[in-house]
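> The sequence shown runs 36 to 270 under our numbering.
For glycine and all other residues, C-beta sits at the position ideal for the given N, C-alpha and C.
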Amino acid sequence: MTSLGPVVHTIGGILVSARPFADYQAQFALTGHDLTAGPLLDCPGGASDFGATVRERGGQVISVDPCYVLPAADMTVRVAAELERVAAWTSAQPDRFPLDSRGSWTHAPAWQATAAGFLSDYAADRALGKGCYLPAALPRLPFTDGTFRLALSGFLLFTYPDHFDLAFHVRAAEELLRVAHEVRLHPLNDSGGIPYPHLDVLLTRLRARGITCDVLEVTGRSDARDTRTLRLKRR
Numbered sequence: 036m037t038s039l040g041p042v043v044h045t046i047g048g049i050l051v052s053a054r055p056f057a058d059y060q061a062q063f064a065l066t067g068h069d070l071t072a073g074p075l076l077d078c079p080g081g082a083s084d085f086g087a088t089v090r091e092r093g094g095q096v097i098s099v100d101p102c103y104v105l106p107a108a109d110m111t112v113r114v115a116a117e118l119e120r121v122a123a124w125t126s127a128q129p130d131r132f133p134l135d136s137r138g139s140w141t142h143a144p145a146w147q148a149t150a151a152g153f154l155s156d157y158a159a160d161r162a163l164g165k166g167c168y169l170p171a172a173l174p175r176l177p178f179t180d181g182t183f184r185l186a187l188s189g190f191l192l193f194t195y196p197d198h199f200d201l202a203f204h205v206r207a208a209e210e211l212l213r214v215a216h217e218v219r220l221h222p223l224n225d226s227g228g229i230p231y232p233h234l235d236v237l238l239t240r241l242r243a244r245g246i247t248c249d250v251l252e253v254t255g256r257s258d259a260r261d262t263r264t265l266r267l268k269r270r
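1) Can you check DSSP and say which residues form a bridge with Thr247?
2) To the nearest whole angstrom, what separates the beta carbons of Ala53 and Ala82, a pair I think is in contact under 8 Å?
3) Locate the alpha helix (DSSP H) running through Ser126, then write down its first and last residues.
4) Can you tell me which of Gly228, Cys248, Gly164 and Pro230 puts its alpha carbon nearest to the alpha carbon of Val205?
5) For Pro230, which of helix, strand or coil comes out of DSSP?
6) Relative to the alpha-carbon of Ala87, which residue among Arg266, Ala259 and Asp156 has its alpha-carbon at the smallest distance?
7) Going straight from the alpha carbon of Val114 to that of Ala108, what length do you get?
8) Three Cβ pairs or more, each shorter than 8 Å: is that satisfied between the segment 62–80 and the segment 129–148?
9) How many angstroms separate the CA atom of Ala145 from the CA atom of Gln62?
Structural data, given as structure tokens:
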């Protein structure tokens, strides 16, 4: 009898993820200079502590996500539900995600700590009106041209092919390049690990618009399949 191999599941609906700062560093190939050389955009920011951590180190970050319309108390409920969804998703795929002796994903504690840090910073930001977390979504962002030195977009484009078509990907990339001098997109596969099938077409269209494109080889910390990041710059 022929084995069909391990079952691979996609995550389903768009996830508000609590990806740790260290994951950002690895998946976007970020250097110390990248973090402090100029304003950064995190789009979507989800429940990550990336922005808070960079600001603690003296950098500037604005995070955007449509879920940032939520009050702090409602955000706490939303993030808790998303962590439960991730726990169920990862525990169902032991061949893909390493589990501990209790059957829980080994990265779960880091995500939980990240979520706690984010929620604390999000609540303080809402209370003080700092504006570090803005409710917005691609392909239209509320910023003037060239506001940011670098825009990071993780686990949105390419991750949900049933939500976003090729035309959306082109518009989203162009919008990110409108507001930032450089853009990095990660990963180049969907949440089941399948490579984005229209990448060559997308790169051809972007290059025709005067955009320099190259693919960086990176380390996938949460998922070993997430090993490529797309870097975009206007010529």
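Let me spell this out:
1) According to DSSP, Thr247 bridges with Lys268.
2) 4 Å
3) Looking at the DSSP string, the run of the alpha helix (DSSP H) that includes Ser126 is Ala107 to Ser126.
4) Cys248
5) If DSSP states are grouped into helix, strand and coil, Pro230 belongs with the strands.
6) Asp156
7) 10 Å
8) These segments do not touch.
9) 16 Å
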